[in-house]
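S.K.:
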Amino acid sequence: MKKIPIYIISGFLGSGKTTLLTHILEYYKTKNIKPAIVLNELGKVNVELHLFGDEHVFELLNGCICCTIQDDLRTTLTTLLDSHVKKPIDVLFIEGTGVANPLEIVEAIASPPLLH
46 MKKIPIYIIS GFLGSGKTTL LTHILEYYKT KNIKPAIVLN ELGKVNVELH LFGDEHVFEL
106 LNGCICCTIQ DDLRTTLTTL LDSHVKKPID VLFIEGTGVA NPLEIVEAIA SPPLLH
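Counting in my numbering, the sequence shown runs without a single skipped number right up to 161 at its last residue.
(1) Does the Cβ of A81 have 16 or more other Cβ atoms within 10 Å, making it buried, or fewer, making it exposed?
(2) Express the C-alpha separation of I110 and L102 in angstroms, rounding to a whole number.
(3) State the start and end residues of the unbroken alpha helix (DSSP H) segment that holds P50.
(4) Run the CB neighbour count on E140, radius 10 Å, all protein chains shown included, and call it buried at 16 or more, exposed below.
(5) By a C-beta neighbour count over all protein chains shown, 10 Å radius and 16 as the cutoff for buried, is V83 buried or exposed?
(6) Can you tell me which of the three DSSP states A81 falls into?
(7) Judging by CA-CA distance, which residue of N146, E149, I53, L137 is the nearest neighbour of K47?
(8) Based on DSSP bridge pairs, tell me the residues matched to E140.
(9) Which residue comes first and which comes last in the beta strand (DSSP E) that contains E104?
(10) Using 8 Å as the threshold, is the region 61-73 in touch with the region 114-127, meaning 3 or more CB pairs across them?
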């Protein structure tokens, strides 16, 4: 299986994470690069989901992927890898909450089942 590059987008609330991500996605569309996106929100609803149109988006809500729902991130990544066979992607973006610790997100990504 082809390795998929992963980019973690982090920063404080209101720092421009989603704006950066939408600009990157616009650029990738012009290059015919197929992304997948994991969006994480502390609340029960992602008010920015509409910004991503028909992109391949996974939402992780109601907690932080670096700690309280880190297992949900691993499960989502496993699901993404399974679906990669039928719907291939070229790159994965993970946008954490404004309080997420990116090093703990890396720990979840680097778990042995995901490193094959």
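Cβ atoms here follow ideal geometry from the backbone N, Cα and C, with glycine treated the same way.
Everything numeric in this text was worked out from a predicted model, so none of it was measured.
M.R.: This is what the structure holds:
(1) Residue numbering aside, residue 81 sits at position 36 when the sequence shown is read from its first letter. With 16 or more other Cβ atoms within 10 Å, it is buried.
(2) Locating residue 102 in the sequence shown gives position 57, where the first residue counts as 1. Locating residue 110 in the sequence shown gives position 65, where the first residue counts as 1. Residue 102 is actually Val in this sequence, not Leu. Cα to Cα, V102 sits roughly 15 Å from I110.
(3) Indexing the sequence shown from 1 puts residue 50 at position 5. Element bounds for P50: n/a, residue is neither H nor E.
(4) Within the sequence shown, numbered from 1, the residue matching residue 140 stands at position 95. With 16 or more Cβ atoms within 10 Å of its Cβ, E140 is classed as buried.
(5) Position 38 of the sequence shown, counted from the first residue, corresponds to residue 83. Counting C-beta atoms within 10 angstroms of its own C-beta, V83 has 16 or more neighbours from the protein chains shown and is therefore classed as buried.
(6) By 1-based counting over the sequence shown, the position of residue 81 is 36. A81 sits in a strand when the DSSP states are folded into three classes.
(7) Position 2 of the sequence shown, counting from 1, holds the residue named residue 47. Nearest C-alpha to K47: L137.
(8) What you label residue 140 is simply residue 95 of the sequence shown in a count that begins at 1. BP columns for E140 point to I54, L84.
(9) Locating residue 104 in the sequence shown gives position 59, where the first residue counts as 1. Where E104 is concerned, the enclosing beta strand (DSSP E) stretches over 101-105.
(10) no
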